[in-house]
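In order, the protein sequence lines correspond to chains A and B.
First residue of the first sequence? That's 1 in the working numbering, and the numbers climb one at a time after it.
First residue of the second sequence? That's 1 in the working numbering, and the numbers climb one at a time after it.
Virtual Cβ for every residue (Gly too), placed ideally from N, Cα, C.
Small disclaimer: the values here were computed from a predicted structure and weren't measured.
There are 2 protein chains.
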Amino acid sequence: MSDASPSQRATSWLAAFENALTSGQTSQVTALFEADCFWRDLVSFTWNIATQEGHQAIADMLSSCLKDVKPSHFALKEEATEADGVVDAWFTFETAVARGLGHLRLKGDKAWTLLTTMTELKGFEEHKGPRRIKGAEHGAHKHRKSWLELRQEEQDTLGYSEQPYVLIIGGGQGGIMLAARLRRLGVPTIVVEKNARPGDSWRNRYKTLCLHDPVWYDHLPYLPFPDDWPVFAPKDKVGDWLEMYTKIMEINYWGSTTAQKAHFNEAQGEWEVVVNRAGQDITLKPKQLVFALGVSGYPNIPHIPGAESFAGDQHHSSKHPGPDACKGKKVVVLGSNNSAHDICAALWENDIDVTMVQRSSTHIAPSDSLMELALGGLYSEEAVKNGIDHHKADLVFASVPYKIMHSFHIPVYDEMKKRDADLYGRLEKAGFMLDFGDDGSGLFMKYLRRGSGYYIDVGASELVANGSIKLKSHNNIERINPKSVTLTDGTELPCDVLVYATGYGSMNHWLADLVSPEVADRVGKVWGLGSSTTKDPGPWEGELRNMWKPTNQQQLWIHGGNLHQSRHYSQFLSLQLKARYEGLSTPVYAQAKVHHVR
Amino acid sequence: MSDASPSQRATSWLAAFENALTSGQTSQVTALFEADCFWRDLVSFTWNIATQEGHQAIADMLSSCLKDVKPSHFALKEEATEADGVVDAWFTFETAVARGLGHLRLKGDKAWTLLTTMTELKGFEEHKGPRRIKGAEHGAHKHRKSWLELRQEEQDTLGYSEQPYVLIIGGGQGGIMLAARLRRLGVPTIVVEKNARPGDSWRNRYKTLCLHDPVWYDHLPYLPFPDDWPVFAPKDKVGDWLEMYTKIMEINYWGSTTAQKAHFNEAQGEWEVVVNRAGQDITLKPKQLVFALGVSGYPNIPHIPGAESFAGDQHHSSKHPGPDACKGKKVVVLGSNNSAHDICAALWENDIDVTMVQRSSTHIAPSDSLMELALGGLYSEEAVKNGIDHHKADLVFASVPYKIMHSFHIPVYDEMKKRDADLYGRLEKAGFMLDFGDDGSGLFMKYLRRGSGYYIDVGASELVANGSIKLKSHNNIERINPKSVTLTDGTELPCDVLVYATGYGSMNHWLADLVSPEVADRVGKVWGLGSSTTKDPGPWEGELRNMWKPTNQQQLWIHGGNLHQSRHYSQFLSLQLKARYEGLSTPVYAQAKVHHVR
């Protein structure tokens with residue numbers, strides 16, 4: 001068949017695949033895969049986010065799922081392509097309850113990677129395009145209510161006389177995007193957020209903050225940014241967009257509301273969550289509870305001897321007020337990741353004396369190189385011109401199994417080392433400790449494995465290299481004195497303001513405090529792949545721990561990630577919640593075990 | 001050449017056209033047109049909105065404009081098509097200062113209709129797509145200001161220490177869309193609006209109001225509605241969208257601000273406009289003044305004997321509070337157009353006794369028929385599926401010369417008469433006076449000629465036909481008594497609430513009061529084509545009077561129309577203003593004469 005076109009080869013593979021699935025003979029199915037193969041499923045076969053690696057895993061999954069899933073109607077979606085002996089194909093398919101979109105990589109006539117994703121539940125499609133509502137009901141209707149009256153009724157009753165099905169704790173970008181999808185799916189949802197307005201979590205950060213990811217990567221669902229949106233949006237502009245988006249999407253958003261305590265009532269099969277809304281305690285009883293507080297927990301503040309004796313101002317980077325409050329002072333920033341670099345640069349730009357204390361090596365990825373080498377193919381003006389909008393890009397991204405993702409990234413960073421050799425050389429000369437991840441796979445793998453350890457360079461690295469930002473590397477703060485800090489190498493640095501750019505603890509601490517330590521431990525560690533690299537202990541999980549999928553605590557979910565992940569994975573989390581809301585059977589295959597707590 | 005493909009025929013026509021234009025021989029150019037021909041130009045050749053009808057008019061325009069315009073680079077944009085012996089072609093072209101998009105209809109090898117439109121000024125393109133700004137300036141910059149600081153600075157200085165180049169009076173949909181385009185073009189602009197918030201002009205209307213035009217027709221520039229937006233958006237939802245849009249587009253919008261007096265300072269060549277902003281008088285000195293107050297003026301309230309003796313509540317439809325304020329009362333509505341029908345229906349739906357007094361015949365266009373027969377081809381889900389988005393639809397719409405537009409519409413309404421014969425029959429049986437316009441060309445021509453005389457039926461006609469809404473036709477109110485009204489046929493109707501759904505006066509009244517009667521008369525009548533049909537006196541103008549183009553008052557402009565018109569024509573008005581802001585030469589060809597005042 002080697003003379004057949006990529007589309008012909010993909011089509012016949014899909015036909016054979018459907019036959020094999022229909023036969024129910026798992027050996028027939030696995031025979032269509034390479035020995036070294038991966039099947040990633042986003043809730044369409046497994047009601048889970050899971051990657052099956054190898055024939056046995058695929059066979060086991062199918063023996064368990066096939067009878068319920070009843071897959072059918074596999075069809076090529078567009079012309080397949082071939083590059084480096086690998087055929088790339090997009091296809092649509094159906095299951096008993098849903099429609100799906102898939103991606104296939106063929107080596108020869110056998111599947112190397114397969115992605116299956118759920119796009120919509122049959123009978124519960126979104127009211128969009130030809131299905132959109134009319135808005136004005138034509139004809140005459142006694143005592144009809146206006147859109148505004150109905151909207152106000154909902155806001156007056158939901159959470160009081162009516163209970164939401166889903167409660168989302170955390171009204172940042174993640175909570176907002178998930179709520180927008182649930183709104184479209186008609187699932188009664190409330191978002192609670194401690195800040196007053198949507199977007200405040202961005203507005204409250206230091207004033208020079210801009211997105212480190214480019215616009216093509218950052219779109220929210222349903223309402224893409226206008227075509228003049230800046231490549232790197234300033235944080236207050238993002239804040240305004242989130243506020244507008246929340247309003248337009250008709251999200252039931254409770255600002256100035258803090259979650260106090262959550263308890264799962266086994267008997268009722270529902271949560272009891274006490275929230276304080278603008279001073280008043282209200283008990284909500286949602287069936288599903290989603291934590292959208294970000295994937296990290298409380299600020300990490302190391303306990304350094306003498307801290308209590310410090311005469312100046314000390315705060316975590318998340319509380320950093322920006323340069324205006326530091327005029328004329330000597331600032332020491334402990335840490336060397338994104339926030340540390342951004343804060344140091346803003347201070348230098350305002351003529352403030354600043355020193356960065358680097359404790360461990362950091363990966364530096366110059367923004368322009370990152371755009372061109374790592375993201376450009378999927379998220380850029382060129383990609384859009386080539387027909388790869390963010391919807392398609394997200395799926396391409398999802399189609400690469402985590403197990404082999406690093407092998408896609410290593411060449412990118414090898415190229416970056418060459419391209420930016422001059423900067424890297426001068427940074428090392430300045431004493432900066434550099435790394436590219438344990439296996440040289442760079443920024444995104446570090447993000448997935450540990451969520452830290454890097455800086456997307458938008459200018460500060462030059463300031464470190466040329467000494468404008470003073471650097472003390474191979475060092476830590478050994479003790480804090482009233483007007484200075486003493487480093488491990490004995491240096492004493494004068495210090496009026498001490499910034500702890502020391503990252504965040506585990507997300508589980510939120511769970512432990514808000515629900516209980518038992519539930520936090522039952523859910524276990526959040527984020528990370530189990531890659532057995534620095535700060536990502538094994539065993540291998542194959543997917544991010546506990547993200548966007550069922551956890552070991554019934555009816556408790558965790559949502560978050562960057563704008564790209566929140567956008568893409570909110571689709572699958574919203575479909576999981578919708579299915580449960582409608583009482584569909586959702587047998588979860590291979591619920592992940594918990595290997596680490598906190 | 002009859003065996004040549006439509007694209008070949010269009011291509012060779014464009015080549016011949018460019019040669020003829022380059023030769024400067026106007027006779028060579030007109031030889032390429034049918035005797036019965038039209039060339040409509042939207043500011044690309046004439047710096048005006050003007051249609052040349054016939055060879056002589058085209059020759060005259062070219063003799064005057066060609067030397068400045070220097071047209072070139074005419075090229076087919078996509079495959080041309082042919083239907084009923086007419087070839088349809090889209091093309092791009094350039095002038096000395098701009099890039100343009102055009103549309104051509106060929107009969108045989110000669111042009112029947114030609115449309116030329118300006119899309120952008122060379123060197124002043126919008127910063128979109130690949131030209132978008134970076135947002136975050138990478139690198140280190142001493143004392144850089146954040147987006148928020150710059151935005152706040154602008155809001156603090158513009159209108160005070162800095163003067164806007166353009167002042168837009170009226171912050172409804174029209175003013176907002178124009179301001180958004182000027183923002184993109186970098187023209188300093190302020191919008192003043194008497195209501196507090198953008199969208200209030202919609203929010204303040206009667207509660208059941210929904211758009212009568214469908215979503216595909218209603219998009220604003222740059223930010224289309226999400227794909228689940230209702231077909232007919234409720235007015236409060238539209239209000240929220242406009243408010244969000246104004247914020248996101250970074251428009252300098254002064255709410256709670258009323259324009260008091262405007263005077264053109266000949267010596268300075270600028271306007272002096274006194275506005276009251278939240279109680280404080282401020283004098284603005286813009287170079288260009290745009291009236292975006294809608295195309296109609298003050299509410300028409302007929303002076304009826306006894307009005308002062310009326311014991312109940314009487315108000316114009318624009319002030320109608322809706323049914324809640326009318327419970328248990330007897331309501332008489334004078335008038336039979338859109339507002340009258342909407343108000344009567346809402347009253348009936350709330351069990352309120354209501355009578356419509358019809359003075360003159362009205363055109364009824366059932367909404368569904370209007371969608372399918374009149375708009376469907378250009379503005380619908382199907383149109384979008386066929387690749388006709390609203391950008392293309394707007395241009396197709398613009399490509400039909402007003403002189404022959406009615407001939408495109410008459411067949412549509414002949415079809416509507418058949419399709420809705422039953423409703424029309426029952427309406428006439430109920431005594432309702434029906435018409436389809438003087439020449440049977442229906443709703444849109446009535447809208448263009450006189451801006452009144454119709455109802456888009458979303459349900460009220462059935463209530464009129466079946467008597468739920470009581471009808472007194474061939475009638476007017478002769479006198480008003482304390483608790484009743486007496487009609488011309490002698491009937492006395494008990495009346496607690498009297499609603500004047502009697503339309504609006506001429507837009508010039510705004511000009512007369514805000515500037516001066518002299519300037520109002522110099523500008524002359526606004527809207528209407530000079531079709532010599534009812535309420536649209538001749539002579540023939542060929543375009544809407546004074547809309548979106550230079551008026552006879554220097555540096556004074558009028559903007560408005562429905563959402564479709566405000567969206568499309570704001571493009572050409574913004575380009576005219578930008579060209580003047582940048583000091584480009586903008587010789588206006590054939591400034592329209594004034595034939596009617598007020």
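Separation of L289 of chain A from V273 of chain A, as counted between CA atoms: The count along the first sequence starts at 1 and reaches residue 273 of chain A at position 273. The count along the first sequence starts at 1 and reaches residue 289 of chain A at position 289. Taking the straight line from one Cα to the other gives about 9 Å.
Close-in-space but distant-in-sequence residues of the same chain around I49 of chain A (CB under 7 Å, 5 per side omitted): For the purposes of this step, residue 49 of chain A is identified with residue 49 of the first sequence, where counting begins at 1. Contacts found: L42, V43, E543, W548, K549 and F572.
Proximity test, Cβ basis, 8 Å: P537 of chain B and chain A: Reading the second sequence from its first residue, position 537 is the one you call residue 537 of chain B. For P537 of chain B, the answer is no, since every Cβ of chain A falls outside 8 Å of its Cβ.
Chain-ordered residues of the segment 136 to 158 of chain B with a beta carbon less than 7 Å from chain A: Taking 7 Å as the Cβ-Cβ cut-off against chain A, the residues of the segment 136 to 158 of chain B that qualify are A136, H138, G139, A140, H141, K142, H143, R144, S146, W147 and L148.
Selected residue, minimal CA-CA separation from D109 of chain B, among B:D213, B:S256 and B:Q8: Counting from one through the second sequence, the residue named residue 109 of chain B turns up at place 109. The shortest C-alpha separation from D109 of chain B is found at B:Q8.
Neighbourhood of S361 of chain B by C-beta, 7 Å cutoff - its chain only, sequence neighbours within 5 removed: The residue labelled residue 361 of chain B in the question sits at position 361 within the second sequence. When the five nearest sequence neighbours on each side are left out, the beta carbons in the same chain lying within less than 7 Å of the beta carbon of S361 of chain B are those of M433, L434 and D435, in order along the chain.
Span separating the alpha-carbon of T22 of chain B from that of H73 of chain B: Taking the first residue of the second sequence as position 1, residue 22 of chain B is located at position 22. Taking the first residue of the second sequence as position 1, residue 73 of chain B is located at position 73. Going from the Cα of T22 of chain B to the Cα of H73 of chain B covers about 11 Å.
Any chain B beta carbon closer than 8 Å to S367 of chain A: Within the first sequence, numbered from 1, the residue matching residue 367 of chain A stands at position 367. With 8 Å as the cut-off, S367 of chain A counts as an interface residue toward chain B.
Separation of L347 of chain B from T355 of chain B, as counted between CA atoms: Numbered from its first residue, the second sequence carries residue 355 of chain B at position 355. Numbered from its first residue, the second sequence carries residue 347 of chain B at position 347. So the two alpha carbons sit approximately 10 Å from each other.
Environment of G437 of chain B [buried if 16+ CB atoms lie within 10 Å]: In the second sequence, counting from the first residue as 1, residue 437 of chain B sits at position 437. By the neighbour-count rule (16 or more Cβ atoms within 10 Å), G437 of chain B is buried.
Per-residue burial, Y206 of chain B [other beta carbons within 10 Å of its own, 16 or more giving buried]: Locating residue 206 of chain B in the second sequence gives position 206, counting from the first residue. Y206 of chain B should be labelled buried.
Contacting positions in the segment 451 to 468 of chain B - beta carbon closer than 9 Å to chain A: Listed in sequence order: D457, V458, G459, A460, E462, L463 and S468.
Presumed contact (8 Å Cβ cut-off) between S574 of chain A and L185 of chain A, rounded CB distance: For the purposes of this step, residue 574 of chain A is identified with residue 574 of the first sequence, where counting begins at 1. For the purposes of this step, residue 185 of chain A is identified with residue 185 of the first sequence, where counting begins at 1. Taking a contact as a CB-CB distance under 8 Å, the pair S574 of chain A and L185 of chain A counts as one, their CB atoms being some 6 Å apart.
CB contact below 8 Å: A307 of chain A versus chain B: The count along the first sequence starts at 1 and reaches residue 307 of chain A at position 307. By this cut-off, A307 of chain A is not an interface position.
Residue of A:E126, A:S161 and A:A140 minimising C-alpha distance to P228 of chain B: As a first step, residue 228 of chain B must be located in the second sequence, where it is residue number 228. First, the residue type needs correcting, since residue 228 of chain B is Asp and not Pro in the sequence shown. Looking at A:E126, A:S161 and A:A140, the one whose alpha-carbon comes closest to that of D228 of chain B is A:E126.
Any chain A beta carbon closer than 8 Å to P234 of chain B: The residue given as residue 234 of chain B occupies position 234 in the second sequence. Judged by the 8 Å Cβ criterion, P234 of chain B is in contact with chain A.
Contact list for the segment 179 to 198 of chain A against chain B, Cβ threshold 9 Å: Result list: R184.
Members of the segment 217 to 247 of chain B near chain A, C-beta cut-off 7 Å: Residues are counted here when their Cβ sits less than 7 Å from a Cβ of chain A; for the segment 217 to 247 of chain B these are Y222, L223, P226, D227, D228, W229, P230, V231, F232, A233, P234, D236, K237, D240, W241, M244 and K247, given in chain order.
N-terminal and C-terminal residue of the beta strand (DSSP E) that G505 of chain A is part of: On the first sequence, position 505 is the one that residue 505 of chain A refers to. Y504 to S506 is the span of the beta strand (DSSP E), which, as asked, contains G505 of chain A.
Short CB-CB distance (under 8 Å) between T350 of chain B and chain A: Counting from 1 along the second sequence, the entry for residue 350 of chain B is found at position 350. As written in the sequence, residue 350 of chain B is Asn, which differs from the Thr given in the question. Yes - at least one Cβ of chain A is within 8 Å of the one on N350 of chain B.
Min CB distance K77 of chain A to chain B below 8 Å: As a working note, residue 77 of chain A is residue 77 in the first sequence. For K77 of chain A, the answer is no, since every Cβ of chain B falls outside 8 Å of its Cβ.
Selection from A:D68, A:H568, A:L178 and A:T502 that minimises the alpha carbon distance to H316 of chain A: Working through the first sequence from its first residue, we reach residue 316 of chain A at position 316. The residue with the shortest Cα to Cα distance from H316 of chain A is A:T502.
Span of the beta strand (DSSP E), counted from its first residue to its last, around A50 of chain A: Numbered from its first residue, the first sequence carries residue 50 of chain A at position 50. Annotation: the continuous beta strand (DSSP E) that includes A50 of chain A extends over I49 to E53.
CB contact below 8 Å: R567 of chain A versus chain B: Along the first sequence, read from residue 1 onward, the residue named residue 567 of chain A stands at position 567. Taking Cβ atoms only, chain B never reaches closer than 8 Å to R567 of chain A, which makes this a no.
Supposed contact pair R419 of chain A and S369 of chain A - C-beta distance, whole angstroms, cut 8 Å: Here residue 369 of chain A corresponds to residue number 369 of the first sequence, with the count starting at 1. Here residue 419 of chain A corresponds to residue number 419 of the first sequence, with the count starting at 1. That belief holds up - the Cβ atoms of S369 of chain A and R419 of chain A are roughly 6 Å apart, short of 8 Å.
The segment 382 to 390 of chain A in contact with the segment 506 to 516 of chain A per 3-pair CB rule at 8 Å: Contact between the segment 382 to 390 of chain A and the segment 506 to 516 of chain A is absent, because fewer than three Cβ pairs lie under 8 Å.
Pick from B:H55, B:K145 and B:Q25 that is closest to P323 of chain A, judged by C-alpha positions: Indexing the first sequence from 1 puts residue 323 of chain A at position 323. Ranking the options by Cα distance to P323 of chain A, first place goes to B:K145.
Whole-angstrom C-beta distance between G442 of chain A and Y413 of chain A, which should lie under 8 Å: Residue mapping note: residue 413 of chain A aligns to position 413 of the first sequence, counting from 1. Residue mapping note: residue 442 of chain A aligns to position 442 of the first sequence, counting from 1. Confirmed, Cβ separation roughly 4 Å.
Rounded C-alpha distance that separates V333 of chain A from V464 of chain A: The sequence position of residue 333 of chain A within the first sequence is 333, counting from 1. The sequence position of residue 464 of chain A within the first sequence is 464, counting from 1. Distance between the alpha carbons of V333 of chain A and V464 of chain A: 13 Å.
Test: C37 of chain A CB closer than 8 Å to a CB of chain B: Translated into the one-based positions of the first sequence, residue 37 of chain A becomes position 37. Chain B contact via Cβ: absent.
Cβ of R419 of chain B within 8 Å of any chain C Cβ: As a matter of chain content, chain C is missing from the structure shown, whose protein chains are A and B.
Cβ-Cβ separation, G199 of chain B to E243 of chain B (assumed contact under 8 Å), whole Å: In the second sequence, residue 243 of chain B corresponds to position 243, counting from 1. In the second sequence, residue 199 of chain B corresponds to position 199, counting from 1. Confirmed, about 4 Å.
8 Å Cβ shell around Q591 of chain B - same chain, five flanking residues per side excluded: Here residue 591 of chain B refers to the residue found at position 591 when the second sequence is read from its first residue. Same-chain partners within the cutoff: N48, P550 and N552.
Inter-residue Cα distance where the pair is W13 of chain A and M405 of chain A: Numbered from 1 along the first sequence, position 13 holds the residue referred to as residue 13 of chain A. Numbered from 1 along the first sequence, position 405 holds the residue referred to as residue 405 of chain A. If you take the alpha carbons of W13 of chain A and M405 of chain A, they lie about 24 Å apart.
Beta-carbon neighbours of T119 of chain A, restricted to chain B and to distances below 7 Å: Walking along the first sequence from the start, residue 119 of chain A turns up at place 119. Residues of chain B passing the Cβ test: none, with the nearest at roughly 14 Å.
Test item: CB-CB of V192 of chain B and T283 of chain B under 8 Å: One-based indexing of the second sequence puts residue 192 of chain B at position 192. One-based indexing of the second sequence puts residue 283 of chain B at position 283. A distance of 8 Å or more separates the beta carbons of V192 of chain B and T283 of chain B.
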